[in-house]
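**Q** Below is one structure. I have some questions about it.
Residue numbers (my numbering), protein chains in the order written: chain V, 1 to 155; chain F, 156 to 238.
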């Protein structure tokens, strides 16, 4: 048995290739854990009656990775039994229904991994410097998360 | 001399993704913004929506005094939309 599986690890990746749920869940699977919880963020085909053709993501990559590491550190403080955490975010063009983000967390029992996954995605949306552009038929729009603490928009 | 990075809407308005700017070593975040807007006046429209990231720490536009070193990275951060 490979003992390094027991050392808790964070797997953070920003990439332009299609994300894989199998790959991300396999990263966090561990013999000590009875639970793996997953969140997949997929792209919707409509916004306010407009047809979305695809999404485009860009990132301040070095800072995004650092902010995601901070989220992982906070997760481990709040839920010490969490084993592995994986956050994969896609950059560039993401077609409709494909995943833009996958988060997986493993823990011995299910409560911690379920709560940790929710915390990860909520905090990511509030603090990680990644931007999404929605491309419609005639125009495009830079989106703003309502979680963003400095945005004034009343939308 | 600091390295200024532009993202998302701010990159579209400024017309570039990065450049080097000469600024005073000590400057408030609002003054730094005003220096940048002098070079790229189109950025003025997003003043109420952006923050900075100075050496990868978020800084609101305001009275906060920044002490900058040569080569420091300053990024214009429009409202984020990851996830």
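Virtual Cβ for every residue (Gly too), placed ideally from N, Cα, C.
Computed from a predicted model, the values in this text were never measured in an experiment.
If you reduce the DSSP assignment to three classes, tell me which class residue 182 (chain F) lands in.
**A** strand
**Q** Could you give the uninterrupted runs of the beta strand (DSSP E) lying entirely in the region 30-79 of chain V, keeping only those of 3 residues or more?
**A** Counting only runs of 3+ residues, the beta strand (DSSP E) found wholly inside the region 30-79 of chain V occupies 35-42, 50-59, in chain order.
**Q** Which first and last residues belong to the alpha helix (DSSP H) in which residue 119 (chain V) is found?
**A** 110-127
**Q** With distances taken between CB atoms, is the gap from residue 237 (chain F) to residue 128 (chain V) smaller than 8 Å?
**A** yes
**Q** Shortest alpha-carbon distance to residue 26 (chain V) belongs to which of V:85, V:133, V:151, V:59?
**A** V:85
**Q** The alpha helix (DSSP H) with residue 164 (chain F) in it runs from where to where?
**A** Run containing residue 164 (chain F): 163-169, per the alpha helix (DSSP H) assignment.
**Q** Taking the C-alpha atoms as reference points, what is the distance between residue 110 (chain V) and residue 116 (chain V)?
**A** 10 Å
**Q** With 8 Å set as the bound, which would you pick, yes or no: does the beta-carbon of residue 88 (chain V) sit closer than that to a beta-carbon of chain F?
**A** no
**Q** Taking the beta strand (DSSP E) that residue 27 (chain V) falls in, what are its first and last residues?
**A** Looking at the DSSP string, residue 27 (chain V) is not in any beta strand (DSSP E); the run it does join, the alpha helix (DSSP H), is 21-28.
**Q** Per DSSP, what are the beta-bridge partners of residue 87 (chain V) in this structure?
**A** V:12, V:103
**Q** Along the region 180-212 of chain F, where does the CB come closer than 8 Å to a CB of chain V? Name the residues.
**A** 203, 204, 205, 206, 208, 211
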